[in-house]
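First the structure, in the form of structure tokens, and then the observations on it.
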Amino acid sequence: MSIFELLTKIPRQIIFLVIGIAIAIPLIVPIGMPVNIMPKSRSLFQAIDTLGPHSKPVLVSCDFDPQSMPELYPMLVSILRHCFARDVKVMLMALWPQGPGLVELALDEVPRNYGKEYGRDYAFLGYKFGVAAVLLGMGENIKGVFPFDYYGTSLDSIPIMRRINTYGDISMVISLSTGDPGWRQWLLYAQSRYNASLGVGVTAVSAADVYPYVETGQVIGLLAGMKGASEYETMVQNEGYSDGILRAVQGMDAQSLGHLLIMIFIVLGNVGYFAMRRKK
Amino acid sequence: MNPSPDPWVWFAAFLTLCIFSFLYKDNLFYQFAEHLFVGISAGYLIAITWHNQIYPNLVVPLFFEGRILYVVPLAFGLFYFARFIPRVSFLVRIPIAFLLGWGSGVFIPAIFQRDILRQTQGTLLVREAFEKWDSGLWAVIILIGVICTLIYFFFSRERKGLIKPMANLGIIFLMLGFGASFGYTVMSRISLLIGRMQFLLGDWLGIIQ
Chain A
1 MSIFELLTKI
11 PRQIIFLVIG
21 IAIAIPLIVP
31 IGMPVNIMPK
41 SRSLFQAIDT
51 LGPHSKPVLV
61 SCDFDPQSMP
71 ELYPMLVSIL
81 RHCFARDVKV
91 MLMALWPQGP
101 GLVELALDEV
111 PRNYGKEYGR
121 DYAFLGYKFG
131 VAAVLLGMGE
141 NIKGVFPFDY
151 YGTSLDSIPI
161 MRRINTYGDI
171 SMVISLSTGD
181 PGWRQWLLYA
191 QSRYNASLGV
201 GVTAVSAADV
211 YPYVETGQVI
221 GLLAGMKGAS
231 EYETMVQNEG
241 YSDGILRAVQ
251 GMDAQSLGHL
261 LIMIFIVLGN
271 VGYFAMRRKK
Chain B
1001 MNPSPDPWVW
1011 FAAFLTLCIF
1021 SFLYKDNLFY
1031 QFAEHLFVGI
1041 SAGYLIAITW
1051 HNQIYPNLVV
1061 PLFFEGRILY
1071 VVPLAFGLFY
1081 FARFIPRVSF
1091 LVRIPIAFLL
1101 GWGSGVFIPA
1111 IFQRDILRQT
1121 QGTLLVREAF
1131 EKWDSGLWAV
1141 IILIGVICTL
1151 IYFFFSRERK
1161 GLIKPMANLG
1171 IIFLMLGFGA
1181 SFGYTVMSRI
1191 SLLIGRMQFL
1201 LGDWLGIIQ
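In the order they appear, the protein sequences are chains A and B. Position one of the first sequence corresponds to residue 1 (my numbering), numbered consecutively onward. Position one of the second sequence corresponds to residue 1001 (my numbering), numbered consecutively onward.
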């Protein structure tokens, strides 16, 4: 077997093993590659950074499941850190049934580091089934859609919810989304119909779909995959809002090395293929 | 190294390794983890739907608060099961017709606004786009890209004359778009692997923070 034939027939198990090792090593021994901030991530950061204690609350919708945690959970944690550091009030909800568990995980971790109190500084509305009806209903009356929070307390008795009735009473909506339902529905109903200001965090696989809407200003900022999460973590840390663990930044070394390796495999495979074709 | 004392973390690590074993070849451990996942997901979804939707939005108002009008959505819901009984299977058309009518009314204007009006506005060359040279350049490239890509999908005329090079340019824009999407897909999949590695090396084995 020639070297070129070998290149076209590398067993997939070997490729998986090599990529696995290439991912694990930078996690154990970090390289510390720099994180460049993209304008679309900075736009979202700046939009939140202009808010303060007297601003209307930010609504974060966790439209993802544990499968997307590596990309979207660091975004959720960083956005909460950013909002709490600036004393911005936060409302959370989910369009995915798996979302509430992830929100609770973040709420166990973040608010206590900033001395934030449930009901006064943040509220969790929970998950609601029926996307279109939920998002359209929120445009008319949020308390009609969510009469109770996730823990069964009436929204009327939660201090930060007393004056919140529609999207007009919210500074912006941020959808952390892994598919449907997610940012598309927020854009379709909350932004297009009710003019709500919308920021989006998505898995990398969906990022290319969001770009046209950022260009037109329908989406005010975009965090794209683990890269976007690492950019947000970096901005939050650089501004002194947090000194917590940066999970996405930690993963970016491995991400870069993994990409490099995949590019090498693509080039080797193509070299082998064209060399073999020329031989025939 | 500081392995987790939590047995659930160990169980999660075991299931992760079961799934990873498929990378070598299909086996009993992989099938066990896969079936467990499917079963738990189905059970979780049923429980969530009951507690979050059916009970508070139908059972409570209809049976505990006596709001009789809720019989209508109950009937609509039950009509879906009519397709299992051939004699009354036509009843399934009622909720489907209702959903189609409502859905079209809600979706069409919203999609028109989101994807056509605003996106067309975004493609137009306006004076503000040329306030900076780079944004002006991108605006021109976007306009050329949109026109050439639309011409590529215009099949009513033979591709000759000016249409041919424009359609070819459209293909280049399409390929660039596919390439970007594929690159993002690879990034997403690698991120999933990184997430599991962080769990195995961090939460489970305690090698990393």
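Virtual Cβ for every residue (Gly too), placed ideally from N, Cα, C. Values in this document were obtained by computation on a predicted structure and should not be read as measured data.
Query                                                                                                                 : Result
Start and end residues, beta strand (DSSP E) containing Asp63 (chain A)                                               : 58-63
8 Å Cβ shell around Gly52 (chain A) - same chain, five flanking residues per side excluded                            : Arg86, Asp87, Val88
Alpha-carbon spacing of Val110 (chain A) relative to Leu1074 (chain B), whole angstroms                               : 42 Å
Under 7 Å by beta carbon: chain B residues contacting Ser197 (chain A)                                                : Here the premise fails: no neighbours, minimum Cβ distance about 15 Å.
Any 3 or more C-beta pairs closer than 8 Å across the segment 239-258 of chain A and the segment 1142-1152 of chain B : no
Contact with chain B by Thr203 (chain A), beta-carbon distance below 9 Å                                              : yes
Residue from B:Arg1196, B:Phe1199, B:Thr1185 whose Cα sits closest to the Cα of Ala204 (chain A)                      : B:Thr1185
Own chain residues within Cβ distance below 7 Å of Gly1206 (chain B), not counting five before or after               : Met1001, Asn1002, Pro1003, Ser1004
Members of the segment 254-268 of chain A that neighbour chain B once the beta carbon cut-off is set at 8 Å           : Ala254, Gln255, Gly258, His259, Ile262
C-alpha gap between Asp1006 (chain B) and Val219 (chain A), whole angstroms                                           : 42 Å
Through-space distance from Ala1042 (chain B) to Pro1056 (chain B), alpha-carbon basis                                : 20 Å
Tyr127 (chain A), DSSP secondary structure in three states                                                            : strand
Opening and closing residue of the beta strand (DSSP E) in which Ser174 (chain A) lies                                : The residue you asked about is not Ser; residue 174 (chain A) is Ile in the sequence shown. Here the beta strand (DSSP E) through Ile174 (chain A) covers 172-177.
9 Å Cβ cutoff met for Glu231 (chain A) and Arg42 (chain A)                                                            : yes
For Phe1022 (chain B): DSSP bridge partner residues                                                                   : Answer by DSSP bridge pairing: none, since Phe1022 (chain B) is not bridged.
Residues bridged to Ala1180 (chain B) [DSSP beta-bridge criterion]                                                    : According to DSSP, which records beta bridges pairwise, Ala1180 (chain B) is partnered with nothing at all.
For Tyr241 (chain A), the three-state DSSP class (helix, strand or coil)                                              : coil
Contact the segment 259-266 of chain A vs the segment 12-29 of chain A: 3+ CB pairs below 8 Å                         : yes
C-alpha gap between Gln1209 (chain B) and Ile28 (chain A), whole angstroms                                            : 9 Å
Residues that Val1186 (chain B) contacts on chain A, provided the C-beta gap is smaller than 8 Å                      : His259, Ile262
Minimum Cβ-Cβ distance from Ala1180 (chain B) to chain A less than 9 Å                                                : yes
heavy atom of the ligand NAP below 8 Å from Gln218 (chain A) C-beta                                                   : You won't find the ligand NAP in this model; it holds no ligand whatsoever.
Residue-level contact to chain A via CB, Thr1149 (chain B), 9 Å cutoff                                                : no
Cutoff 6 Å; reference Leu1091 (chain B); Cβ partners in own chain excluding five residues on either side              : Phe1079, Ala1082
C-beta atoms of Gly1183 (chain B) and Gly251 (chain A) nearer than 9 Å                                                : no
Bridge partner(s) assigned by DSSP for Tyr73 (chain A)                                                                : Note: Tyr73 (chain A) sits in no beta bridge, so no partner.
Interface residues of chain A facing Ser1104 (chain B) [CB-CB closer than 8 Å]                                        : Within chain A, no residue comes near Ser1104 (chain B); the closest Cβ sits about 12 Å away, beyond 8 Å.
Residues that Gln1121 (chain B) contacts on chain A, provided the C-beta gap is smaller than 9 Å                      : Thr216
DSSP bridge partner residues for Ala94 (chain A) (one or two, in chain order)                                         : A:Tyr127
Chain B contact for Tyr189 (chain A) (CB, 9 Å cutoff)                                                                 : yes
Cβ pair Ala224 (chain A), Lys40 (chain A) closer than 9 Å                                                             : yes
Cross-chain neighbours of Thr1049 (chain B) in chain A, by beta carbon under 7 Å                                      : Phe129
Cβ neighbours of Thr8 (chain A) in the same chain (closer than 8 Å, five flanking residues each side left out)        : Gly269, Gly272, Tyr273, Met276
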